[in-house]
Each structure stands twice: as C-alpha cells, then as structure tokens.
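Visitor:
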Amino acid sequence: MSVLPYAVAAWLFGIGLYGIATSRNFIHLVGCLGVCQSATYVLLLGLGYRWGSIAPIFYDHPPGTPAVDPVMQALVLTDIVVGATLTALLLVLTIQAYKRGGSLDPEKLRPMRAVGQSGRDRGSNRVGDGERKAS
Amino acid sequence: MTAILPLLFLFAAISGTAVVLVRDPARQVFAIAVNGLVLAILFDALQAPDVALSELAVGTAAVPLLFLVALMAVKTQPPEEDS
Amino acid sequence: MSPNARIVLLALAGLVLLPGAAAVIAGLPAFGSTIAQYGERINAVAPEARHVANMVSAINFDLRGLDTLGEEFMLLAAITGTVVLLRGRRGEGNTERAMRRPGRAVIPRSEAVVLACRIAGPLTALFGLYVVLHATVTPGGGFQGGVILASGTLLIYLGEGYAGWRDAIRSHWLDALEGGGALLFALCGLAPMLTGAAFMQNILPLGTFRDLFSGGLMLVENLGVALAVTGGFTQLFLEFMEETREAREPEEPGEESA
Amino acid sequence: MTAFPAALLPLPVAIPLVICAAMLATAHFLPGRLPDILATLAALSVAVLCGAIAVHAADGPLVYWFGGWEPRDGVHLGIGFSVDEASGWVAAFIGLLYALTFVFAWGFFDRTHGHFHILMLLFLAAMVGFCFTRDMFNLFVWFEVMSVAAFALTAYHLAESSLAGAINFTVVNSLAGFLMLGGIGLIYAQTGTLDFEGIAAAVAQGGRDPVVAGAFCLVASALMIKGAIVPFQFWLADAHAVAPSPVSVIFSGAMVSLGLFGLAKVSAVVFGGSDQVRHALPALLIGLGSFTALLGGWMALLQRHLKRMLAFSTISHAGIMLTGLGALSVNGTGGMLVYVVGHGLVKGALFMIAGILLATQASIDEIALRGLGRGIWPAGIAMGLAGLLLCGLPLGVLDQGTRLVQGALAQQGHGIALAAGAIGAALTGAAVLRAAGRIFLGLGPDPGDEAGAPSEDEREKANRPLWLMLAPCCVLLALDVGVPAGLIEHALPRAASAFLHRPAVETLAEGPGWLPWISVVAALAGAGYGLFRRRLPALVVRPVSATQSAPTRALEVLHSGLIGDYVAWLGVGVAVVAGVLALA
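Residue numbers (full-length UniProt numbering), protein chains in the order written: chain A, 1 to 135; chain B, 1 to 83; chain C, 1 to 258; chain D, 1 to 584.
Shown next, in the form of structure tokens:
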C-alpha cells in the first residue's frame, strides 16, 4: 500500500504516453493527454496525504487538528485549471485541423509537406508524404 | 477507510487505462466522464474536497461536454474543399 | 517511423526508466506517513493569521495568491486563444447574432423540458453562488462556483433553445465579465501597494473565524475569480456550440447534454 | 513595508496583466490603433522597469515577498521574487524585444479586437515572472502561462500546417508541463518547501538521494523540451515555421532560450547542492548540446522554407547555449547569458526579415523568391549582416557570448564541444547567407538538396510600409553591434557569479580569437558552395552530394511531423537524462 499511489501515477503517465504514441484520432489523443495529466493529480495528492488526518478545512474541527497538506491541494487545483485550458485549446485546434485537412488521423495530418516547384527538382530528393504509407 | 483508498487508486488506474484503450472517441467520452468521477471520489477520500469539487465540475461535466461538442462539430461538418 | 518502431522505442525508454522510477518511489516517504513541513506550518499559522477555515482557499488567495493570479490569466489566455482560433474562420462580425440557417424550422421543445430547465437553471445558479460565496469556510470557491455557474447557463440553452441562449448571452458582455474579473484580481494585487503594503497583502479587516465574510481581501479576489471563470467558461461553451451550428442539418438541441 | 528598489519587482509582471485584462474587458469599444499603442507602451515600460531593477540589483539580489509573507523561523510561507542583475537584464531585453515586435506588427492584427495583443502581453508577463521567481511552483505557473499563450498564437493563420504545428507544439509542451509538475511534487515532498533557497539547503544536506535526482530529471527534461534540445527538438521546427512572423520573433528570440535560462537557474541554484546532479551535468549538457548544435545546423542548411530554416538554426544555437551551461562555471554561464541576449537580437531581426519577405513578396520559399528581393535591398543588407553575425563575425553581443562560451569550454578541455559549436554556427550562417544571396542577389539558379525540403506557400498581410517593418529589425541589429563590449565585460563577472550564487570572480576567459573567423570562413564557403555549385569542378561537387543525400533523407524522415514519433523520442530523451543521472 505504501507505494501504490506512486505506482498508479507512474502507470497512468506511461499508459497515457502509449495512447498518444499510438492514437489514430486527435480527439482520442486529447483524452490520452488528460490521462497523463491525471497522473500528476494522483502523484501530488498521494504525496500530500497522511493517515488519520482531516481535510484542511477547520470548520467542524478546531484549528490544530492534524490535517493533510493543503499546499498540494492548492497545486492540484491550479493543475486542474491547466488541464481544462489545454483540453479546450487542443479540441479547438482539432476541430479546425479537421476542417482544413479533412482528417482526424494524426498520421495523415502533416505540418509541412515537401513541394517541388523549383526549376530543377529531382524526384529522388523529395521526401513527401507519398513515401509514408498510411498503414 | 484503509481498504477503500487502495481500491480507489486501482479504480483510477483502471479507468485511466480504459480512456486510452477505448479507441472510438464517441465511446471514449463516457470513459473520460467515468474517469473524472472516479478521480473526484478518490480526491474526496484523500481529504481534498476542494479538489474533488473542481474535478467534479471540470472532469465530469465541463471537459466531457467539450469533447461531445467537438465530436458533434466534427461529425456534422464536412471538411472544407479549399485550404 | 512506423508505429511498431515507435512502440519499440517507447518501450525501450520505459525499460530504462523503470528502475529509476522504482528507486524514486522507494526513496519517497511511505504513502500517508507524513506531510511536508510547509503545509503543516500553514495549517498551524493561517487560521489565526487570516481568520479563515479553508486552508486551500487561504493558500490560493493569500499565501500563494500570485499562483492563482497566473492561473487566472492562463485561463484568460486559453479562452482568448479559443475565441481567436474559432472566430478566425467565421469572421469576427458574425458572432453577434444567432446563426440560423434560413428556412430551418424552429424545433419545438417539449413543455416538460422547458419547465425542468426553468426550474433547474436558477437552482444551479444558486448552488454556484453558494459555492462561490463560501470559499473561505467550506470547500469550493470562485473557480468551482464559476464553472458551475457557467454550466447553469447551458440550461438556458437546453430550455430556451439555441437562439434564446444566443440572445440571452452576448459575447462582449462575456469578454467584459472575464476581463473585468481578471482586472479586479490584478488590482487586488496592486491596490495594497498604494498604501505601502506588499503586492496582494491582505489589508482589509479580516472578519470573524468561520464567518461567511472572513478573510478580508480574499473575498474580493474570490469574487474576481468567480466573475472571470463564469465569463470565461460561458464564452468557451458558447464558442464551441457555435462550431456545431454551421452544419447542414443541425442537431436536435438537447441531445448533447447527456 | 518593502523599500524602494525591491518594491518595483511585482510591477513588470502586474502592468502587462492589468493592461491586458482591461483590454479584454473593453475589447469591443477600443478604437483601431489603441491596442498597438497600449501594448507597445506596456512592453517598453516593462523594459525600463526591468532595466532599473537590474541596475539596482548590481549590489546584490533584490528580494520581494508577495502578500507580505516573509519567511518565518526559516520556513518560507509565501511566494518570493528574487532578482539578480543578470535576470533583470534578461527580462529587460525581453521587454525590449516585445516592444520592437509590437512596432513590427503594427496594424497586422487589427481585426482581432486586440486579442493578439492580449495574448502577447500575457506571454510577456509570464516570461518576466519566469525570470524573477524564486518559487518552484510559481515557476511552473509562468511556464504554463507562457505555453498556453504560445499555443494559441502559433495557430493564428489557421492553415492546415499551422494547425498541425500548433497541435504538435501543444501536446509536446503540455507533456513538458506535466513532467515539470511531477518533478516539483517529488522535490516538495522530499524537502518540504517550494522556495529555491529552501530546496537548495535541503538538497545540499541530503546526500545522494534518488528522489532528488528523479525530480531533477523531470524538471530538466521539461526545460530542455522548452529549450528544444535533441531529442526533444522536433516540435520547434513545426511550430516556429508556421507561426505568424511577429510571433516567431518572440519564440526564437526569447521563449526557447528562456527554457535554457530556467535550466541554468534550476541546475545552479536549486539542485546545485546535489553531488549526483553536479557530476552528471557536464557530460549530459555538453553531450546533448554538441549534438544539438550539429544537427540543428545541418538541418538548417537543408531547408528552403525560410522560417523553417531559421527555426532549425535556433535549435543549433540552443545547443551552443547548452554547452556553455554544461561548463558549470561562471565563465560558461555568463557567456551563455550574453549569448541568450545576442542570439535573441540577431534571430529576432532575421525573423523580421522573413516577415518582410512574406508581406512584400508574398512568399517565404528561398527558391521561389530567387532574385525577387532586389527591390528591397536594405532588407538584403540586414539579412547579410545578420547571417554573418549568426555564424560568428567577431562583432557585437552575440560574438562576445560565443567567445565566453568558447573560453569556458577551452578552459576545461572540451575540444569536441568547441568544434561542434563552431561548426553548428557555421552551418546556420551558411544557410542564412545562401538564402540571402539567392533572394537578394539572384544567385544560385540550381538548388541542391534543399529543393526537396518541405515548404509551403504562405503570405502575410501587406498593410505596413517597408520602413516600419525594417526599422525594428535594424534597431535589433544595431543593438547587437552597438552595445559597448566594455560595459558587458565590466558587469558580467559580478552578475554571472551572483546568478550562480558563487563568490565573485575577477575576469572571464575568452576563447581563441581565430575560432570565430574559422566559422565565418566556413559559413561563406558553405554558402558559396550552395550558390555556385554549377560552376565548381565536378571533382568537388560529386563527393559532397554523395555524402549529403543519404543522411539528409534520414533526417527529414525523422522530422516526420507525426506526434506519435515525437512522443516516442520524448520518452527516449527522458530516459537518456535519467540514465546519465543514474551513472553519475
């Protein structure tokens, strides 16, 4: 038990990375990024927990009662805002990319393609997306 | 309490894995919402009610909603012809 | 790189990192055994120094208020960015009026849905307000309450339909709400400097411990955050919904609120 | 109550924030040019304030505690800003770069209701906060604000390539943020504080501790991702090449080097007390830095899309900065700080020239633009000068930084890093000079390998007179050439030692005087080869082409633009950092 939360955090980050690396749909990819981020929530809150302590709100309990770490919670709160903003931005980019490129597949959307409009362009030099098979 | 926490951690790991493994975005949205809910419960059990409330509002409501709308936008709109 | 090569590469990296991660985990204090000195110290000092019960709010709005200021402006950046990116294609001018496809019949909603939303809407708003106002005594605060309030506005969409929603909520009001809230927060930082105190120093009367109006300047900052988050998230929802409107066959409103 | 000079510290962050919040609140009522004016003034005031802070910080770092939460009984309760002379000057330079960029972009973004200016001002505030803070989590907050503003700005054009570039940028840099936060969580749990000094004290007492090493691995990886160090560099070319040119000025001129600035601060001030980290750093930083310098330079030479070429050149120069950092001496870090400023000035000017070409000639493709630049020859002169400065012409701030970095490397006998830096600079210089020759002189009718590089038609609004765009560019170059060397020589030893929290040194060593000339000659030779290939004897041309083609193709395939590949390389990079730390 004493290492479980940290192991879970590491697992979540790893599986999220795996998801991003293998994703074939940008919307799915954004979800995987969220999984990577949830790893940080779990790690931070796990590090800030102490058995037998109350929440750091001294409303029903008088100040001085042992409480868990409020700093970690404040950090995670900020982190959740980060997560929401990133998700929103990435979804916007995804929607627009779909409209422009007609595909949600990361393998098909390419930042910049090789062109050959110059006078003496040899085909052998071109490294276009034609060489990549959309497996 | 001692038994619940490890269980919740495991649930968080499983639901996170599910988000990755459900490859169809339309179904993934539900996995995301469930993952958010599991995390919110876990955070509450970790004595972090503030964080749990945020995760509930953001992770189970706002973010899945954005995913849904994004899915709708993608489904209902044919890509533009020009670039 | 082929997908398989990619997975092999990632797996190799994972294999190298595994012993490292194990060593780090073994070196950490056992789960639940202890908490950091900083948090312990805040739990000891802050209730008395700031008369607030919720330590997380005390950290967010007072001790580490600068982080929250940055966070609020991060949200502002994201929403401004979303607006720029989504409107870039539609053109700025089109957003003031509801975009209705000509010739499209307005879909009637069932009475029950309208009624339910008219009841649930104010209730959600009330709950959001409750969460906002009780920042310093119970869990919650400007951010959580703001998100709930913004979600409440979606109920207008559900009950009154898209056009009603679009008419009720104007984009530049939201800009004003969002920018005004953030401005209020930033000024809470600068105003104490005029009196010679430090940036964001709590110079207002602190109130009584466990009272709704405890925490002094934190209450104003909390209000600023609530305004900014409500405006920001509503703007976000609005812009996203706008994206689905240009469809040839618009969806039945209400479906997406599952 | 905080006394006068220290009381200035929150202002350079607060002023842009207040102005952008006010601009957003009144976005729909602002008359046309007001956002331009307000933003320029805000950036200028940040520059002036930071300059004033830097001057006052000469005697010792200024410290400011937010909310009046000064440390009690040795426990840091609040967030502090701590500004030494060097950080102050770097922030002042950033403010100035923004002011000039706003002038450069005057009226360019007039249809966005000031939204562009809002994002840019947020970006600026975050950078200043990043330079000033002394709190780990606050560092992360500014890091993220910087990222979020940058993500949105990258995609501004809404073309397919800019959206793809922005997505790659966003995903990779978000992962950087998560890594950094994880590292911060670890170090906080282990040391019980978030303050730089507090952590440093705890780390120094702790001895060899896997948690500290792990935290450093995560934080350093995150900052190296921002700093575009191999193998984290992939996002940069995608993002910088497609961002609007005023945004690229900031990206290359300030954001990337700021990542390395953060790495310098974190590794020297926060983790400097750990023997393990200190032993691992030279091998790690100099190794990765040398490799980055070479790879970036080589890739730059192979590009035809001007902004993509400059983006790869930024990668190369980031590598050189990292080698300076890796020397772990006052000399190397001081050199790197000067290099950051000099590089920002020159690279900013070059991206402005790219923007001028986009606006006036409606293209950014080196080959398509051949000879089209004749009508705007002043830009050509500026580009030639910038290219020469980039490869090491012994003149100005960038050259001073180069020499100091080389001096530090020579002192410690890092011959390979010395050579890699010189070659990398020569390659990027060759690329820029070749492009300048082709565009402005009409030379080089038959392109070589660069013809196969990715490119794209792009244009930016031509709504500004040439002089308005050229003026800020010339100011940047004039600053690089004109800042008296004696001033820097005088202040740097003190400032760099204060930055590193080390006892002051008297003088700093410079590298051999002939080394920059070698780079210049090599750059001219490289550019000449690219332009006059036709007229050279086949005896020279054939072997060069033969050796070029295969690695060229391999490199282009590596820079595939696929996010999955980038993430895999990111994993490899973190593993490399962790491996070196484990072996130290």
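C-beta atoms are modelled at their ideal positions from N, C-alpha and C, and glycine is treated no differently. All of these numbers come straight from a predicted model, not from anything done at the bench.
(1) Here's the rule I'm using: 16 or more other beta-carbon atoms within 10 Å means buried, otherwise exposed. How should K461 of chain D be labelled?
(2) By Cβ distance below 6 Å, which residues in the same chain neighbour V346 of chain D in space, the five residues on each side in sequence not counted?
(3) Tell me which same chain residues have a C-beta within less than 7 Å of the C-beta of residue 588 of chain D, skipping the five on either side of it?
(4) Report the three-state DSSP secondary structure of L62 of chain D (helix, strand or coil).
(5) Taking only beta carbons into account, state which residues of the region 31-51 of chain B come closer than 8 Å to chain A, listed in chain order.
(6) Any idea which residues DSSP pairs L54 of chain A with across the strands?
(7) Using the beta-carbon count (16 or more within 10 Å), is V8 of chain C buried or exposed?
(8) Rank A:V76, A:R24, A:A74 and A:V30 by C-alpha distance to the C-alpha of V172 of chain D and give the top, closest one.
(9) According to DSSP, is V83 of chain D helix, strand or coil?
(10) Please classify V18 of chain D: is it buried, with 16 or more other beta-carbons within 10 angstroms of its beta-carbon, or exposed?
(11) Enumerate in chain order the residues of its own chain whose CB-to-CB distance from F196 of chain D is below 6 Å, with the five nearest sequence positions on each side excluded.
(12) Taking A471 of chain D as the reference, which of D:L441, D:A99 and D:R278 has the closest Cα?
(13) Q37 of chain A versus chain D: which residues are under 8 Å apart at the beta carbon?
(14) Name, please, each residue of chain D whose Cβ falls closer than 7 Å to the Cβ of R6 of chain C.
(15) Would you check if there are 3 or more beta carbon pairs closer than 8 Å linking the region 54-73 of chain A to the region 142-158 of chain D?
(16) Would you list the one or two residues that DSSP bridges to N54 of chain C?
(17) Just the chain D side, please: which residues come within less than 9 Å of P3 of chain C by C-beta, in chain order?
(18) From I199 of chain D to T191 of chain D, what distance separates their C-alpha atoms?
(19) Using a Cβ-Cβ distance under 8 Å, would P106 of chain A count as near chain D?
(20) Once the 5 residues before and after L223 of chain D are set aside, which same chain residues still bring their CB inside 6 Å of it?
(21) Would you mind stating whether A226 of chain C and V137 of chain C have Cβ atoms separated by less than 8 Å?
(22) Report buried or exposed for W467 of chain D, applying the criterion of at least 16 other Cβ atoms within 10 angstroms of its Cβ.
(23) Once DSSP output is grouped into helix, strand and coil, what is the label at R438 of chain D?
(24) Given A10 of chain A, which residues of its chain have a CB within under 6 Å of its CB, disregarding the five upstream and five downstream residues?
(25) With a threshold of 8 Å between beta carbons, is E221 of chain C in contact with chain A?
(26) Run down chain C in chain order and give the residues with a C-beta less than 9 Å from the C-beta of A62 of chain B.
(27) Look at the alpha carbon of P465 of chain D and the alpha carbon of S23 of chain A, and state the distance between them as a whole number of angstroms.
(28) Where does R41 of chain C fall in DSSP's three states?
(29) Would G140 of chain C pass as an interface residue toward chain B - the criterion being a Cβ-Cβ separation below 8 Å?
(30) Flag this pair as yes or no: are the beta carbons of M136 of chain D and I187 of chain D separated by less than 8 Å?
(31) Residues in its own chain within less than 6 Å of G355 of chain D by CB, not counting five upstream and five downstream?
(32) Name the two residues that bound the continuous alpha helix (DSSP H) containing P3 of chain C.
(33) Determine, using beta carbons only, whether G528 of chain D and A198 of chain C come nearer to each other than 8 Å.
(34) Using only alpha-carbon positions, find the residue among B:V20, B:R23 and B:Q47 that is nearest to I4 of chain B.
(35) Can you list, in chain order, the residues of its chain with a C-beta nearer than 8 Å to that of S135 of chain A? Leave out the 5 residues immediately preceding and following it.
(36) Keeping to the same chain, check which residues put their C-beta closer than 8 Å to that of A237 of chain D; ignore five residues upstream and five downstream.
Guide: Result, derived from the coordinates:
(1) Residue numbering aside, residue 461 of chain D sits at position 461 when the fourth sequence is read from its first letter. With fewer than 16 other Cβ atoms within 10 Å, it is exposed.
(2) Taking the first residue of the fourth sequence as 1, we reach residue 346 of chain D at position 346. The residues are A386, L389, L390, L398 and D480.
(3) Absent from the model: residue 588 of chain D. The displayed extent of chain D is 1 to 584, so no value can be given.
(4) Start at 1 with the first residue of the fourth sequence, and residue 62 of chain D comes out as number 62. Note: L62 of chain D maps to strand in three-state DSSP.
(5) A31, I32, N35, L39, L42, F43, L46, Q47, A48, P49, D50 and V51
(6) To locate residue 54 of chain A, count along the first sequence from 1; it is residue 54. In the sequence under discussion, the amino acid at residue 54 of chain A is Ile, which differs from the Leu named in the question. BP columns for I54 of chain A point to A:A67.
(7) Position 8 of the third sequence, counted from the start, is the residue given in the question as residue 8 of chain C. V8 of chain C is exposed by the Cβ-count criterion.
(8) As a first step, residue 172 of chain D is located in the fourth sequence; it is residue number 172 there, counting from the start. Cα-wise, what sits closest to V172 of chain D is A:V30.
(9) Position 83 of the fourth sequence, counted from the start, is the residue given in the question as residue 83 of chain D. Strand, per DSSP.
(10) What you label residue 18 of chain D is simply residue 18 of the fourth sequence in a count that begins at 1. Per the 10 Å Cβ criterion, buried.
(11) The residue you call residue 196 of chain D lines up with position 196 of the fourth sequence. Excluding residues within five positions, the ones whose Cβ falls inside 6 Å are R134, V269 and V270.
(12) Here residue 471 of chain D refers to the residue found at position 471 of the fourth sequence. Comparing Cα positions, the closest option is D:A99.
(13) On the first sequence, residue 37 of chain A is found 37 positions in, with the first residue counted as 1. Result: S174 and F178.
(14) In the third sequence, the residue the question calls residue 6 of chain C occupies position 6. Simply G564, D565 and A568.
(15) no
(16) The sequence position of residue 54 of chain C within the third sequence is 54, counting from 1. DSSP, once it has assigned bridges, lists A:I57 as partnering N54 of chain C.
(17) Counted from its first residue, the third sequence places residue 3 of chain C at position 3. G564, listed in chain order.
(18) Working through the fourth sequence from its first residue, we reach residue 199 of chain D at position 199. Working through the fourth sequence from its first residue, we reach residue 191 of chain D at position 191. C-alpha separation (whole angstroms): 6 Å.
(19) Within the first sequence, residue 106 of chain A is the residue found at index 106, counting from 1. It does: the Cβ of P106 of chain A has a partner Cβ on chain D nearer than 8 Å.
(20) What you label residue 223 of chain D is simply residue 223 of the fourth sequence in a count that begins at 1. Contacts found: G259, G262 and L263.
(21) The sequence position of residue 226 of chain C within the third sequence is 226, counting from 1. The sequence position of residue 137 of chain C within the third sequence is 137, counting from 1. Contact: no.
(22) For the purposes of this step, residue 467 of chain D is taken as residue 467 along the fourth sequence, with counting starting at 1. Counting Cβ neighbours within 10 Å, W467 of chain D comes out exposed, since fewer than 16 surround it.
(23) Reading the fourth sequence from its first residue, position 438 is the one you call residue 438 of chain D. In the structure shown, R438 of chain D sits in a helix (DSSP, three-state: H, G or I).
(24) Counting from one through the first sequence, the residue named residue 10 of chain A turns up at place 10. Result list for A10 of chain A: empty, nothing under 6 Å.
(25) One-based indexing of the third sequence puts residue 221 of chain C at position 221. With 8 Å as the cut-off, E221 of chain C does not count as an interface residue toward chain A.
(26) In the second sequence, residue 62 of chain B corresponds to position 62, counting from 1. Ordered by position in chain C, the residues that pass the 9 Å Cβ test against A62 of chain B are V147, A150, S151, F233, L236 and F237.
(27) As a working note, residue 465 of chain D is residue 465 in the fourth sequence. As a working note, residue 23 of chain A is residue 23 in the first sequence. Answer to the nearest angstrom: the Cα atoms are 46 Å apart.
(28) Residue 41 of chain C sits at position 41 when you count from the first residue of the third sequence. Helix, per DSSP.
(29) As a working mapping, residue 140 of chain C is identified with position 140 in the third sequence. Chain B contact via Cβ: present.
(30) Counting from one through the fourth sequence, the residue named residue 136 of chain D turns up at place 136. Counting from one through the fourth sequence, the residue named residue 187 of chain D turns up at place 187. Closer than 8 Å, so yes.
(31) Here the question's residue 355 of chain D lines up with position 355 in the fourth sequence. Closer than 6 Å at the Cβ level, and outside the excluded window around G355 of chain D, lie S245.
(32) The residue labelled residue 3 of chain C in the question sits at position 3 within the third sequence. Where P3 of chain C is concerned, the enclosing alpha helix (DSSP H) stretches over P3 to G27.
(33) The count along the fourth sequence starts at 1 and reaches residue 528 of chain D at position 528. The count along the third sequence starts at 1 and reaches residue 198 of chain C at position 198. Not in contact: G528 of chain D and A198 of chain C (Cβ atoms no closer than 8 Å).
(34) Counting from 1 along the second sequence, the entry for residue 4 of chain B is found at position 4. Of the listed residues, the one whose Cα sits closest to I4 of chain B is B:Q47.
(35) As a working note, residue 135 of chain A is residue 135 in the first sequence. Any reading at S135 of chain A must be qualified, since the residue scores a pLDDT of 29, below 50, and its modelled position is unreliable; the value itself is stated next. The residues are E107.
(36) The count along the fourth sequence starts at 1 and reaches residue 237 of chain D at position 237. Cβ within range, chain order: M299, R308, A311, F312, I315 and H559.
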